[in-house]
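Trainee:
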Amino acid sequence: MRKRLTGVLAAVLMLGGAALADTEGAGTYEMLFRSGTLDEVPGSEMLVYAREVTNRANPQAAEAATGVVELTFTDEDPRRAVLRFVQGDRISAIGAFPAEVGNPVVMYFMETVVRDMAGTAGGSPFYIRNRLKDSLIRPAEVEAVEAAFGAGEVQAQALTLHPFAENPNRARMMGFAELTVTVTMSDEVPGWYHTLSAEVPDPAGGAPLYVSTLRLEAEQ
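Using the working numbering, the first residue of the sequence shown is number 2, and each one after it goes up by one.
1) Hey, could you find the ends of the alpha helix (DSSP H) GLU112 is sitting in?
2) At the level of alpha carbons, what is the spacing between LEU48 and PHE34?
3) Please confirm whether ALA148 and THR73 have their CB atoms less than 8 Å apart.
4) Secondary structure at ALA100, three-state DSSP: helix, strand or coil?
5) At which residues does the alpha helix (DSSP H) containing PHE127 begin and terminate?
6) From what residue to what residue does the alpha helix (DSSP H) around GLU64 run?
7) So the beta strand (DSSP E) GLY1 belongs to, where does it begin and stop?
8) If I follow the unbroken beta strand (DSSP E) through ARG216, where does it start and stop?
9) Applying the criterion that 16 or more other CB atoms from any shown protein chain within 10 Å of the CB defines a buried residue, is TYR109 buried or exposed?
10) Run the CB neighbour count on LEU16, radius 10 Å, all protein chains shown included, and call it buried at 16 or more, exposed below.
11) Would LEU160 and THR38 be called neighbours here (beta carbons separated by less than 8 Å)?
12) Does the beta-carbon distance from ARG52 to ALA65 come in below 8 Å?
13) Pull up the distance between the alpha-carbon of LEU217 and that of TYR194, whole angstroms please.
14) I'd like the span of the beta strand (DSSP E) that includes ASN56, first residue to last.
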């Protein structure tokens, strides 16, 4: 995972009553990968994100992927943001990333969606990753929302991607052609990202085939 995330980071650096709106192509990327989102978070604090995954095709993998993602900082200058996954007594290092670039949880989340889709629907993770990258530089839907945080609510923006909406290989994606990725962001929460979610609906109208959610739970 750490090696794959390093590749995603390199790609990011190279790219350099609610109303609905659309971003321009560049605006989608700039909004999702906003720089400086960790600048105001004290180095002594930890951001805790709850990760929950359901996957009707692979419930065991979903259970193994459900836990907590912790973000802490190193003492070095410039500081680095350190991510790790915690599930009970099991702790797995994810990686350390330049904090000045922004909050790496968005890269981590996108990579987990790539991995989950490849593992469930088959196909090349490189192909899936590249199609997801393509969607980051296309116009996207943005909705003004209120999001629960702490004891109250914050004003936020929810941006939604449809990475495979017009993909010529939709019929071979085992439902993942309908994947939606929604990122809810707010200046009022530390680290910018309130919730990151991915969902594949059931074409028969039942429970979703796949849901992955990463939600900011606390600042400690």
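Every residue gets a Cβ at the ideal spot worked out from N, C-alpha and C, and that includes glycine.
Note that the structure is predicted; figures quoted are calculated from it, not measured.
Mentor: This is what the structure gives:
1) Residue range 106-122 is occupied by the alpha helix (DSSP H) that includes GLU112.
2) Cα to Cα, LEU48 sits roughly 18 Å from PHE34.
3) No.
4) Under the three-state reduction of DSSP output, ALA100 falls in the helix class.
5) Start and end: 126-136.
6) Run containing GLU64: 60-66, per the alpha helix (DSSP H) assignment.
7) Summary: the structure shown does not reach residue 1, with the chain confined to residues 2 through 221, and so no result is reported for it.
8) DSSP places ARG216 inside the beta strand (DSSP E), whose first and last residues are 211-220.
9) The residue is buried, with at least 16 neighbouring Cβ atoms inside 10 Å.
10) Note that LEU16 scores 40 on pLDDT, short of 50, meaning its location in the model is unreliable and no value can be drawn from it.
11) No; because the gap between Cβ atoms is not below 8 Å, this pair is not in contact.
12) In terms of Cβ geometry, ARG52 and ALA65 do not form a close pair [threshold 8 Å].
13) Roughly 7 Å between the two C-alpha positions.
14) DSSP places ASN56 inside the beta strand (DSSP E), whose first and last residues are 48-56.
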